[in-house]
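Take a look at the structure below.
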Amino acid sequence: MTKGDIMGLLACLIYLVLAVSVAVSLVAYSFFWFENSASFRLGKRPYSELLKGFLSGILSLPIVIVCYPLAWFGKLQRPKTVSSSEPAIILTHGLYHNASAWILFKRRLNKAGFSNIFLMDYGSFFTSFENVMEKFELFVSEVRKAAPGQPLVLIGHSLGGLVSRVYAEKASEEEAPSAVITLGAPHQGSKMTAFGPGLLASGLVYRGPLFEELEGMARRVPCPAIALYSPVDPLVLPEEGLRARYGGWLHCETAPVSHVSMLFSASVSRQVIDQLKSILNR
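Quick note on numbering: the sequence shown equals residues 170 to 451 in this note's numbering.
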């Protein structure tokens, strides 16, 4: 194979990835428009927000594809050394993603002075929400052993945010985290999960049995709890699904970015870092 053949193949792959990214973003925002068009037609939302979300959605998929294999080697998941003076922060990815989701986010946290970063990883197929919760609880126990007596902060994107929230709600006073921050979490589920393959996705349908069960056992979260959400998130529909239905949560709107782009957005990272510093008095 000549150099020209390799360059041609590479160009084809790039075009294919971009085409898929455009198609996926177009389909996702078509559903978003169907659900929320009145807000834009009535002037409650500027059309520029919709365009920014759409474009950010196109850009996010290539980043996901390039970074995804990095999680297979397991080197991202734990800090090389654990600082006894820093809080332990657990980052949990969303449905169909893996620990590579946090590659930029983790770097920004490190630059802000947070070094004890642990990445929770789980599979999205052949499992259930209950199985993921069990795995998460074991992971938290391991992190507590690695960083004994240090404040614990849970940060989760999408399904990872829901998992973090449920853990905090169920935790005893001694096991309660110092804070929970969610990014685009489906606190009441999403209509879009009806199109997702696998048992885990089908269980996340908007206000379905899982959420009825969670709300039946829900109690006020025993720590500062912040739900960040994008005004143009196309994967958690309706928008109400991004909000917890009971008190104790602070809901904060982010810049208009797509669901996955929340992970890569510098402004969203700054919001999280500012909240962390405020909560931890840093």
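We treat Cβ as the ideally placed atom computed from N, Cα and C, and that holds for glycine.
Values in this document were obtained by computation on a predicted structure and should not be read as measured data.
- Item | Environment of N393 [buried if 16+ CB atoms lie within 10 Å] | Here residue 393 refers to the residue found at position 224 when the sequence shown is read from its first residue. With the sequence shown as reference, residue 393 is identified as Pro, and Asn is not the correct amino acid for it. Answer is buried; the Cβ neighbour count reaches 16.
- Sufficient close CB pairs (3 or more, under 8 Å) joining the region 305-317 to the region 352-364: no
- Query: To the nearest angstrom, how far is it from the Cα of V301 to the Cα of G417?
  - Reply: Stepping through the sequence shown from its first residue, residue 301 is reached at position 132. Stepping through the sequence shown from its first residue, residue 417 is reached at position 248. V301 and G417 have their C-alpha atoms roughly 24 Å apart.
- Task: Quick one: using the 10 Å Cβ neighbour count with 16 as the cut-off for buried, is V309 buried or exposed?
- Result: Residue 309 sits at position 140 when you count from the first residue of the sequence shown. That one is buried.
- Query: How is the alpha helix (DSSP H) around F287 delimited, first residue to last?
  - Reply: Looking up residue 287 in the sequence shown gives position 118. Segment I286 to M289 is the beta strand (DSSP E) holding F287; no alpha helix (DSSP H) there.
- Item | Given 8 Å, three or more beta-carbon pairs between the region 320-332 and the region 256-271 | Taking a contact to require three or more Cβ pairs closer than 8 Å, the region 320-332 and the region 256-271 qualify as touching.
- Message: Does the contact criterion of 3 or more C-beta pairs under 8 Å hold for the region 286-293 versus the region 335-343?
- Response: no
- Query: What residue ranges within the region 323-365 form continuous alpha helix (DSSP H) runs of no fewer than 4 residues, ordered along the chain?
  - Reply: Qualifying alpha helix (DSSP H) stretches, in chain order: 328-339.
- Item | Nearest to A192 (by Cα), restricted to the options L228, L379, M431 and V335 | By one-based count along the sequence shown, residue 192 stands at place 23. Distances from the alpha-carbon of A192 to those of L228, L379, M431 and V335 put L228 closest.
- Query: Taking the C-alpha atoms as reference points, what is the distance between L348 and S253?
  - Reply: Position 179 of the sequence shown, counted from the first residue, corresponds to residue 348. Position 84 of the sequence shown, counted from the first residue, corresponds to residue 253. Checking the sequence shown, residue 348 turns out to be Ala, not Leu. Their backbone Cα atoms lie some 18 Å apart in a straight line.
- Task: Would you kindly work out how many angstroms separate the C-alpha atoms of E409 and Q357, rounded to a whole number?
- Result: Counting from 1 along the sequence shown, the entry for residue 409 is found at position 240. Counting from 1 along the sequence shown, the entry for residue 357 is found at position 188. Those two C-alpha atoms are separated by around 7 Å.
- Item | Same chain, Cβ closer than 8 Å to E440, five either side skipped, listed in chain order | As a working note, residue 440 is residue 271 in the sequence shown. The question names Glu, but residue 440 in the sequence shown is Gln. Excluding positions up to five away in sequence, the list reads L397, C421 and T423.
- Give, in chain order, every unbroken run of the alpha helix (DSSP H) that is at least 4 residues long and sits entirely within the region 235-283. 272-280
- 6 Å Cβ shell around L445 - same chain, five flanking residues per side excluded: Within the sequence shown, the letter at position 276 stands for residue 445. So no residue of the chain qualifies.
- Task: State the Cα-Cα distance for the pair W241 and M431, rounded to the nearest angstrom.
- Result: By one-based count along the sequence shown, residue 241 stands at place 72. By one-based count along the sequence shown, residue 431 stands at place 262. Cα to Cα, W241 sits roughly 22 Å from M431.
- For I350, count neighbouring Cβ atoms within 10 angstroms of its own Cβ and tell me buried if that reaches 16, exposed if not. Indexing the sequence shown from 1 puts residue 350 at position 181. Buried is the call here.
- May I ask which residues mark the beginning and end of the beta strand (DSSP E) holding L404? Indexing the sequence shown from 1 puts residue 404 at position 235. Element bounds for L404: n/a, residue is neither H nor E.
- Does the region 198-209 come within contact of the region 375-386, defined as at least 3 CB pairs closer than 8 Å? no
- Query: Under the three-state reduction of DSSP, which class applies to V466: helix, strand or coil?
  - Reply: Beyond the ends of the chain as shown, which are 170 and 451, falls residue 466; an answer cannot be given.
- Go to L445, then tell me how far its beta strand (DSSP E) extends in each direction, as first and last residue. Stepping through the sequence shown from its first residue, residue 445 is reached at position 276. Looking at the DSSP string, L445 is not in any beta strand (DSSP E); the run it does join, the alpha helix (DSSP H), is A435 to I448.
- Item | Proximal residues to W436 (C-beta, below 6 Å), its chain only, five neighbours per side dropped | In the sequence shown, counting from the first residue as 1, residue 436 sits at position 267. The sequence given here places Ser at residue 436; Trp does not occur at that position. Around S436: A424.
- Who are the near neighbours of A337 in its chain, counting only those whose CB is closer than 8 Å to its CB and skipping five residues on each side? As a position in the sequence shown, residue 337 is number 168, starting the count at 1. If we look at A337 and ignore the five residues flanking it on each side, its Cβ neighbours are L323, A345, P346, V349, V390, P391, C392 and A394.
- Query: DSSP state of C392, grouped into three classes?
  - Reply: As a first step, residue 392 is located in the sequence shown; it is residue number 223 there, counting from the start. It is coil, neither helix nor strand.
- With 16 other Cβ atoms within 10 Å as the buried cut-off, status of D402: Residue numbering aside, residue 402 sits at position 233 when the sequence shown is read from its first letter. D402 is buried by the Cβ-count criterion.
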